[in-house]
Each structure stands twice: as C-alpha cells, then as structure tokens.
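Residue numbers (my numbering): 152 to 653.
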C-alpha cells in the first residue's frame with residue numbers, strides 16, 4: 152500500500168530567541184520559498200552559534216518526505232553546532248534529524264544508529280534528573296522519549312519486524328500519555344497500522360476508532376482525514392470495497408479542503424486500487440494519472456516512482472502493452488536511482504524480469520532476476536545484521552549505564568535503605584513483643600480468673616469454718632456457764648463470809 156508518513160520536527164527556535172529582530176527573521180523565513188536559499192545562507196553565516204542552530208532547525212520544517220539527503224545535511228550541521236555549544240539536547244535533536252533523513256532514504260541501519268544515539272542521551276538526562284532533581288517535571292523529557300521510541304518503532308515496522316515495532320510503539324504511547332503531546336495520535340496510528348500489516352484487521356479498526364474519537368474531540372481535520380484514509384485500507388483488505396470507497400472519498404474531500412496535494416495523491420492511488428480490484432480499469436488509470444500529475448507538480452519523487460511502478464504493473468498484466476511498461480519502468484528507475492530509493496530499484500528490477508518473461512526473452516529475465524536477488528539479499532542482510540548489532544550494543548550500553556546508576560543510587564541511598572531495614576526490623580520486633588505481651592496479659596488474666604475462683608472457694612470454706620467455730624464456742628460456753636456460775640457464787644460466798652467461816 153502507498154502509505155506516506157510525515158514526521159514533524161519540533162520547533163525549538165522560539166525557546167532560544169533573545170530579541171525581537173531574531174523573531175522577525177524566523178517569521179520571514181517561515182514564509183519564504185527555497186529559491187531564497189542564498190539569502191538564508193547569508194543569515195546563517197552572519198548569525199551567532201545558537202542562532203545558526205535555530206535557523207537550521209527552522210529549515211528542516213519545510214523539507215518533504217523525499218528530501219532525505221537535505222535532512223541529513225541539515226542534521227549534521229545542527230549536530231556540529233550543538234557539540235560546539237555542549238548542548239546535549241541539541242545533539243539529541245540533531246541525531247533525530249539525521250536518523251529521519253536516513254529513514255526517508257530507507258537506510259534503516261543508519262536511521263536506527265542515530266535514533267539510538269538520541270535515545271541514550273535522553274535516558275542519561277532523565278537518569279541525572281532522577282538522581283539530582285527529585286520531584287522535577289518530566290513532561291518535556293517524556294515527550295521526547297515518546298518521539299524517539301515512535302521513530303524507532305517506525306523503522307522496525309518498515310522492516311516488517313512487527314513484534315519489536317509494537318514493543319517500541321507501546322513504550323512511546325506510555326511516555327506520550329504522561330504528557331499532553333499530540334504524539335498520542337500518531338502513536339495510536341502507528342499501532343493500528345502495525346496490526347494492519349499483520350492482517351489483524353479487528354485490532355487495526357479498534358485503534359483507528361480510538362484515534363478518530365481523539366481527533367474529533369480536538370477538531371483535528373487533517374487527523375480525521377488520515378483516519379478515513381487508513382480505515383479505507385483496512386476495509387479494502389477485508390475486502391469491503393463499499394466501506395473502503397466511502398472512507399477514501401471522505402479523506403479525499405477533507406484533503407482537498409486542506410489543500411494537501413501530497414495526501415490527495417495518496418488517496419487517489421488507493422481509490423485506483425479499489426477500481427483495479429473491481430476491474431474498472433478506465434477509472435483506475437484516471438485516478439493514477441491525476442495522482443502522478445499532482446506528485447509531479449509538487450516534486451514528490453518517491454510517490455512518483457510508486458505510481459509509475461503501479462502503472463507499469465497494470466500495463467504488464469492487465470493490458471499487455473509492453474511499450475508503456477518499458478516507458479514507465481524507465482522513468483521509475485531513473486528517478487529511483489537519482490534519489491537513492493534502493494528498495495524501489497529492487498522492485499523495478501523485479502518488474503523488468505517479469506516483463507522479459509512475458510516477452511519470451513528468458514535470458515534477459517534471468518539476468519534481471521539475479522540482479523534483483525543479489526540486491527535484495529544484500530540490502531536485507533546489511534540492514535538486519537547492522538540493526539541487530541546496534542540494538543544489542545544499545546542494550547549492553549543501557550544495562551551498563553543502569554548498573555552504574557544502581558551502584559550510585561546504592562551509595563547515595565545506603566543510609567535510607569539501612570533505616571528502612573532497621574525500621575522493618577523494629578516493626579517486626581515490636582510486633583513480636585506486642586504479641587508476647589498480649590499472650591502474657593491473656594495468661595495473667597486467665598491466671599487471675601483461676602485465682603479468684605480458688606479464693607472464692609476458700610472464702611466459702613472459711614465462712615463455713617467460722618460458723619462451725621462459733622457453734623463450737625457457743626456449746627463450750629454453754630457447758631462452762633453453770634460450773635462457772637456455781638464457782639463464782641461459791642467464791643463470792645467465801646469472800647463475803649470469810650471472817651465468819653471456820
């Protein structure tokens with residue numbers, strides 16, 4: 152499918168401006184055509200280091216998808232200036248520009264290399280902040296981490312490594328959701344397209360529906376048009392040509408209102424694909440002719456090659472017009488070679504091989520097939536091996552940095568960790584003591600109950616003994632009362648009549 156992605160580079164220039172004159176310069180540049188490049192170069196030569204950096208960044212905003220070499224050129228210029236200023240933030244952004252330019256040119260190994268350099272810088276920045284500025288805002292950093300993970304995911308998606316692409320898309324979405332950045336939309340779109348390329352159409356529609364609601368709530372017409380176009384691709388693959396045509400038509404109308412010619416060409420290409428499947432070849436050719444006229448008018452070479460290849464394929468297999476096939480392939484090959492579109496060069500050689508098979512020239516067909524196989528194998532091997540090596544290197548460096556950070560954090564937080572351990576131990580000991588105390592109190596309570604019971608029993612027995620004693624003394628008193636009374640009377644008699652007794 153003819154899917155064109157446009158990545159907008161964040162404008163940092165306004166954050167660095169220090170005077171009104173400089174603002175006017177940038178405002179002027181933003182509305183100038185590329186024919187005024189000489190005057191812009193003069194401004195850059197006469198500007199200070201930081202102003203040069205901002206002006207170069209501003210230039211990249213006008214570059215199209217196919218301007219990979221220009222993007223790399225500006226990225227390298229910005230990188231040198233950022234290094235001179237010891238600006239890690241600028242170095243990271245410059246690496247993104249270089250990586251983006253390489254992605255435009257399908258140099259995926261170089262793209263990954265520079266993206267990973269940028270990612271390492273941002274991870275170092277956030278590690279330093281976590282270590283030195285606890286509690287500070289990470290919103291801007293999260294937005295940049297979201298962007299770089301998204302770009303890496305796009306490279307892996309281009310390489311059809313959907314599992315790793317999904318891993319980076321999810322990380323990107325996680326970072327973006329911690330900010331208010333518009334990157335949430337493009338990441339949801341990336342996830343949906345990644346599922347689409349795996350023929351998981353239900354998941355793709357699910358994420359496109361989420362994306363539609365997001366853009367609708369933000370009144371984002373361009374975003375809504377993109378969702379209609381991409382949803383059309385899904386319905387076309389199901390296939391449900393009625394829904395596909397409806398979505399493409401909605402997208403085309405919105406892009407025409409916005410004046411976005413490049414995306415108009417994309418939708419026209421997709422509409423041509425529907426007509427091809429419905430065997431409506433006249434309408435198909437009309438759509439493709441309109442698309443290529445638009446692409447030529449805006450100088451979008453990659454799109455032109457794609458349409459020329461599709462026209463060549465049509466005349467090869469549907470109308471068997473070998474003259475037109477050769478004409479379109481010749482144009483496409485020249486444009487692809489001039490712009491370094493290696494993947495398209497491979498596909499064009501494949502079509503040449505098929506053309507010569509149709510013509511019965513099997514020797515020529517075999518030659519082109521062998522060239523195509525060598526180029527395809529070498530390109531795939533270089534990209535995959537280099538990217539695998541770079542990812543392994545990145546993971547190793549990442550783990551090493553993480554280990555270093557862990558060691559530093561262990562040293563810095565040693566007392567805190569020790570206190571936490573001691574606190575935990577104290578809590579455990581306190582809990583144990585509390586449990587023992589509870590057991591002791593409960594045991595004493597039980598013992599007291601038992602003792603009170605024994606005392607109550609003893610009291611009862613004592614009361615019985617006292618009653619028995621009282622009865623015993625009452626009996627003794629009664630038994631002694633009469634003898635004592637007699638003895639008392641006799642003693643009284645003796646005492647009273649002592650003188651009279653013999």
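Even for Gly, the Cβ is constructed at its ideal location relative to N, Cα and C.
N- and C-terminal bounds of the alpha helix (DSSP H) containing residue i
i: residue 347; result: 334-348
i: residue 254; result: 239-255
i: residue 506; result: 493-510
i: residue 319; result: 313-327
i: residue 352; result: 352-368
i: residue 330; result: No alpha helix (DSSP H) holds residue 330; DSSP gives it neither H nor E.
DSSP state of residue i mapped onto helix, strand, coil
i: residue 218; result: coil
i: residue 582; result: helix
i: residue 460; result: helix
i: residue 287; result: Confidence at residue 287 is low in this model, with a pLDDT of 43, below 50, so its placement is unreliable and the value that follows should be read with caution. Here residue 287 sits in coil by DSSP.
i: residue 273; result: helix
i: residue 472; result: coil
i: residue 390; result: coil
i: residue 258; result: coil
i: residue 650; result: coil
i: residue 454; result: helix
i: residue 484; result: helix
i: residue 518; result: helix
i: residue 202; result: helix
i: residue 606; result: helix
i: residue 371; result: coil
i: residue 384; result: helix
i: residue 635; result: helix
i: residue 310; result: coil
i: residue 667; result: Here the chain comprises residues numbered 152 to 653, so residue 667 is not present and cannot be evaluated.
i: residue 490; result: coil
i: residue 643; result: helix
Whether residue i touches residue j by CB criterion (8 Å)
i: residue 423; j: residue 439; result: yes
i: residue 479; j: residue 459; result: yes
i: residue 454; j: residue 416; result: yes
i: residue 349; j: residue 300; result: no
i: residue 339; j: residue 365; result: yes
i: residue 475; j: residue 466; result: yes
i: residue 498; j: residue 257; result: no
i: residue 398; j: residue 383; result: yes
i: residue 395; j: residue 375; result: no
i: residue 222; j: residue 255; result: yes
i: residue 293; j: residue 317; result: no
i: residue 219; j: residue 245; result: no
i: residue 229; j: residue 263; result: no
i: residue 343; j: residue 381; result: yes
i: residue 243; j: residue 273; result: yes
i: residue 266; j: residue 250; result: yes
i: residue 490; j: residue 452; result: yes
i: residue 379; j: residue 401; result: yes
i: residue 247; j: residue 275; result: no
i: residue 320; j: residue 334; result: no
i: residue 445; j: residue 412; result: yes
i: residue 386; j: residue 429; result: no
i: residue 513; j: residue 503; result: no
i: residue 327; j: residue 315; result: no
i: residue 509; j: residue 496; result: no
Quiz item: Which runs of the beta strand (DSSP E) spanning at least 3 residues fall entirely within the stretch 406-445, listed in chain order?
Solution: none
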